[in-house]
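The structure appears below as C-alpha coordinates.
In the working numbering, the protein residues as written are 2 to 89.
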(Lines of atoms letter the chains of each structure in order from A and count residues from 1; the text may use other names and numbers.)
(Lines give C-alpha, C1' and ligand atoms only; values in the text may rest on other atoms or scores of the structure.)
Protein backbone atom coordinates (compact mmCIF):
# COMPACT_ATOMS: atom_id res chain seq x y z
CA UNK A 1 0.00 0.00 0.00
CA UNK A 2 2.82 2.38 0.85
CA UNK A 3 4.47 1.62 -2.52
CA UNK A 4 1.30 2.67 -4.34
CA UNK A 5 1.01 5.90 -2.37
CA UNK A 6 4.68 6.76 -2.94
CA UNK A 7 4.45 6.04 -6.67
CA UNK A 8 1.31 8.20 -6.89
CA UNK A 9 3.06 11.07 -5.08
CA UNK A 10 6.14 10.70 -7.31
CA UNK A 11 4.01 10.66 -10.47
CA UNK A 12 2.08 13.73 -9.34
CA UNK A 13 5.32 15.54 -8.52
CA UNK A 14 6.80 14.71 -11.94
CA UNK A 15 3.66 15.91 -13.74
CA UNK A 16 3.61 19.17 -11.76
CA UNK A 17 7.31 19.77 -12.48
CA UNK A 18 6.73 19.02 -16.15
CA UNK A 19 3.71 21.25 -16.53
CA UNK A 20 5.05 24.28 -14.67
CA UNK A 21 8.80 24.14 -15.24
CA UNK A 22 9.96 22.03 -18.20
CA UNK A 23 7.21 22.79 -20.73
CA UNK A 24 7.17 26.61 -20.28
CA UNK A 25 10.97 26.85 -20.49
CA UNK A 26 10.95 24.69 -23.62
CA UNK A 27 8.33 26.91 -25.22
CA UNK A 28 10.29 29.99 -24.17
CA UNK A 29 13.43 28.59 -25.80
CA UNK A 30 11.50 27.96 -29.02
CA UNK A 31 10.02 31.46 -28.79
CA UNK A 32 13.40 33.13 -28.30
CA UNK A 33 14.93 31.18 -31.20
CA UNK A 34 12.14 32.12 -33.60
CA UNK A 35 11.56 35.70 -32.47
CA UNK A 36 14.75 37.07 -34.07
CA UNK A 37 12.87 37.06 -37.39
CA UNK A 38 10.66 39.95 -36.31
CA UNK A 39 11.85 42.80 -34.11
CA UNK A 40 8.39 43.00 -32.57
CA UNK A 41 7.77 39.96 -30.35
CA UNK A 42 4.05 40.56 -29.88
CA UNK A 43 2.93 37.69 -32.09
CA UNK A 44 5.30 35.13 -30.61
CA UNK A 45 4.64 36.13 -27.01
CA UNK A 46 0.89 35.75 -27.59
CA UNK A 47 1.56 32.37 -29.19
CA UNK A 48 3.70 31.40 -26.18
CA UNK A 49 0.93 32.27 -23.69
CA UNK A 50 -1.60 30.38 -25.82
CA UNK A 51 0.65 27.29 -25.93
CA UNK A 52 1.09 27.31 -22.16
CA UNK A 53 -2.68 27.41 -21.67
CA UNK A 54 -3.06 24.49 -24.08
CA UNK A 55 -0.38 22.52 -22.22
CA UNK A 56 -2.05 23.13 -18.85
CA UNK A 57 -5.43 22.05 -20.24
CA UNK A 58 -3.81 18.94 -21.75
CA UNK A 59 -2.12 18.07 -18.45
CA UNK A 60 -5.40 18.50 -16.55
CA UNK A 61 -7.26 16.26 -19.01
CA UNK A 62 -4.48 13.68 -18.70
CA UNK A 63 -4.71 13.81 -14.89
CA UNK A 64 -8.49 13.36 -14.98
CA UNK A 65 -8.32 10.36 -17.32
CA UNK A 66 -5.45 8.84 -15.33
CA UNK A 67 -7.46 9.17 -12.12
CA UNK A 68 -10.53 7.62 -13.71
CA UNK A 69 -8.53 4.70 -15.11
CA UNK A 70 -6.82 4.08 -11.75
CA UNK A 71 -10.17 4.14 -9.95
CA UNK A 72 -11.63 1.68 -12.47
CA UNK A 73 -8.67 -0.67 -12.23
CA UNK A 74 -8.53 -0.54 -8.44
CA UNK A 75 -12.27 -0.93 -7.85
CA UNK A 76 -13.23 -4.13 -6.01
CA UNK A 77 -14.51 -7.06 -8.03
CA UNK A 78 -18.13 -7.72 -7.10
CA UNK A 79 -18.57 -10.56 -9.61
CA UNK A 80 -17.18 -13.26 -7.31
CA UNK A 81 -20.70 -14.38 -6.28
CA UNK A 82 -19.86 -14.10 -2.62
CA UNK A 83 -22.99 -13.57 -0.66
CA UNK A 84 -23.14 -12.91 3.04
CA UNK A 85 -25.89 -14.69 4.90
CA UNK A 86 -28.55 -12.51 6.43
CA UNK A 87 -28.50 -12.64 10.21
CA UNK A 88 -31.86 -13.18 11.84
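Built from N, CA and C at the ideal position, the CB exists for glycine as well.
All values reported here derive from a predicted model rather than from experimental measurement.
CB of residue i within 8 Å of CB of residue j, strictly
{"i": "residue 16", "j": "residue 73", "result": "no"}
Three-way DSSP call (helix, strand, coil) for residue i in this model
{"i": "residue 2", "result": "coil"}
Same chain, Cβ closer than 7 Å to residue i, five either side skipped, listed in chain order
{"i": "residue 4", "result": "none"}
{"i": "residue 12", "result": "none"}
{"i": "residue 6", "result": "none"}
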